[in-house]
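Structure, as C-alpha cells:
In the working numbering, the protein residues as written are 3 to 465.
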C-alpha cells in the first residue's frame, strides 16, 4: 500500500506527537554548533557520511552549475534543518526523493523543510541543485585565477561558497567530486583521480577522497595546469599541478616523496592513499593544507611544502574539535618545518636558533600577548606560528627525546581520521610522564607573558 505524500506527512506528524514546524518543538536542527569562535558554523540534528558533488564550470562566464548529494543520518527528529551555503542560487532541494521547502537565511544558512519529518537514526539523502555566476572571495572561498580559471581555498571557511554542507570540523565525511570544464582547461582536486577524459568537447573528471575530510580541506581548481606525476617507494601515487606562472615551484615539489618519508618517521604512516600539490598563480597571503593535495600560493618555498605536508597528520587526519584548538594544527606544522626539518635534513643547530629567538623576543610584550591555547576569534592564525614552535621545542627538551617523539606519534595514531582538543593533548602528555606538567603547560599555553626561566630553558637548553 502506498499513501499519498500529503497523507504520509500528516501521519508522520501525528506519530511524532507534534504540530507542524515550530521553533520550540525540538524538531528543528540547530543552525550552529556553538563553537566559541564561530558559533553559527555547522548545524545540528544530523551527521553527514558522504558528499557526492557534481559541478560544471564555465571559466569564460564564471558560471557554476552544481548538484550536491549529501548522505547523512538524522540524530534527532527533524521537521527542519540547515545547511551552510554561500554559493549561487539554489534551484531545488529534495530529501529522500521528495521535494523539500527551502529558504536562504542570513549570510550562510540554507534552511530546508522536508515534506516528511525525519526520524532519528535513519539515513537521509539531501540533494541540492544550484546554478549561477560565482563571486570572487579573493582567498576566502571561491577565488578567481589570472588565467580566467578559479579555485576554492580558505580557512576556516571555504567550501560553503561552492557547495552546501555541514561546515564544521566536527562533521567529517568522505567526498566525491565530478567536475566538468571546457576541454582546453584542466581540473585538480583532493583524493584519487579516477576519471579524466574528454567527452563531447568537455573534460570530465572524478576525484575520490576516501578518508573522511572537513569541508575547508576540500578544493577544486580549474586552470591550464601542467602536471608532475611521481610515486613513492611504497607505491603511493603523487600527482601535482602547476598553474601557468607557477612552474618555478616544480623543483621543490619533486622532493615530496622525500618529505613524506621524513614525516612518516616522525608521525607514523602517511594517513591517505594519494598525495600531491596544487600550485596556483594567484596572489593570496597563505597556502593551505587541503587534504592529500595542499594548495600553494606562488610564493611557496620548501619550508611551506614541509609545513603543509605536516598538516596531513596535524590538522587533516587529526582535526581540531574547536577552532580554539588551532595550536594542534599550526604549532606542530610550524615546528616540523622550522625546527625538525632543518635540524635533521639540513643539520641546523636548532637549540641555538631557539635561544636566539627567546633572547630577541623575551622582553617584547606583544610577542606573548596572544595565548597559544585560546588565541581568540580573529587571532587564531597568529601566535601559533611564531610562538608555537618555541613551546614544542621547550616541551621536547623538558620531556626528553624518547618520551616527546613517542608521545606525539602515539597521539596522532590513536586519533587517526578523528578529532582532538588541546585539553586532550595536555592530558595525554601527562599520561606519558611522572613529571608534573601542569605549571609548564599553563605558562606556555595559557599565559600572556613569558614563562619563568626554568620553563624557558628546560633540560639541555639551560646549559
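Where a beta carbon is used, it is the ideal one built from N, C-alpha and C, also for glycine.
Item: Cα separation between residue 430 and residue 409?; Value: 8 angstroms
Item: Note down the Cα distance separating residue 448 from residue 357, rounded to an integer number of angstroms.; Value: 21 angstroms
Item: Suppose contacts are defined by Cβ-Cβ distances below 7 angstroms. Is residue 45 in contact with residue 31 by that definition?; Value: yes
Item: Can you tell me whether residue 210 is helix, strand or coil according to DSSP?; Value: strand
Item: May I ask you to verify whether the region 212–219 touches the region 172–186, counting CB pairs closer than 8 angstroms and requiring at least 3?; Value: yes
Item: If you draw a straight line from the alpha carbon of residue 68 to that of residue 310, how long is it in whole angstroms?; Value: 29 angstroms
Item: Using the Cα positions of residue 5 and residue 101, report the straight-line distance between them to the nearest angstrom.; Value: For residue 5, the pLDDT reaches just 28, beneath the cut-off of 50, and the residue's location in the model is therefore unreliable, although a value from the coordinates is still provided. One C-alpha to the other measures close to 16 angstroms.
Item: Within this structure, are the beta carbons of residue 166 and residue 70 separated by less than 7 angstroms?; Value: yes
Item: Is DSSP giving residue 474 helix, strand or coil here?; Value: In the structure displayed, the chain extends from 3 to 465; residue 474 sits before or after that span and is not available.
Item: To which residues does DSSP link residue 190 through a beta bridge?; Value: 223
Item: Alpha carbons only, please: which of 57, 181, 326 is nearest the one belonging to residue 384?; Value: 326
Item: Determine the contact status of residue 185 and residue 203, defining contact as a CB-CB distance below 7 angstroms.; Value: yes
Item: Three-state secondary structure (DSSP) at residue 449?; Value: coil
Item: Give me the Cα-Cα distance between residue 270 and residue 399, rounded to the nearest whole angstrom.; Value: 21 angstroms
Item: To the nearest whole angstrom, what separates the beta carbons of residue 280 and residue 223, a pair I think is in contact under 8 angstroms?; Value: 5 angstroms
Item: For the alpha helix (DSSP H) that residue 230 lies in, which residues bound it at each end?; Value: Where residue 230 is concerned, there is no enclosing alpha helix (DSSP H), although the beta strand (DSSP E) it sits in stretches over 228–233.
Item: Need the endpoints of the alpha helix (DSSP H) that residue 53 sits in, please.; Value: Counting along the chain, residue 53 falls outside any alpha helix (DSSP H), though it belongs to the beta strand (DSSP E) covering 48–60.
Item: Whose C-beta lies closer than 7 angstroms to the C-beta of residue 331 among residues of the same chain, with five residues either side of it excluded?; Value: 313, 316, 317, 322
Item: Would you decide whether residue 285 is buried or exposed? Buried here means 16 or more other CB atoms lie within 10 Å of its CB.; Value: exposed
Item: Starting from residue 146 and walking both ways along the alpha helix (DSSP H), at which residues does that stretch end?; Value: Residue 146 -> not in any alpha helix (DSSP H); beta strand (DSSP E) instead, spanning 143–146.
Item: Rounded to the nearest angstrom, how far is the Cβ of residue 458 from that of residue 452, given a contact under 8 angstroms?; Value: 7 angstroms
Item: Should residue 97 and residue 116 be called a contact, given that it needs their Cβ atoms to be closer than 7 angstroms?; Value: yes
Item: Going by Cα to Cα distance, which pick from 299, 276, 73, 292 is closest to residue 55?; Value: 73
Item: Classify residue 324 as buried or exposed, calling it buried when 16 or more other Cβ atoms lie within 10 Å of its own Cβ.; Value: buried
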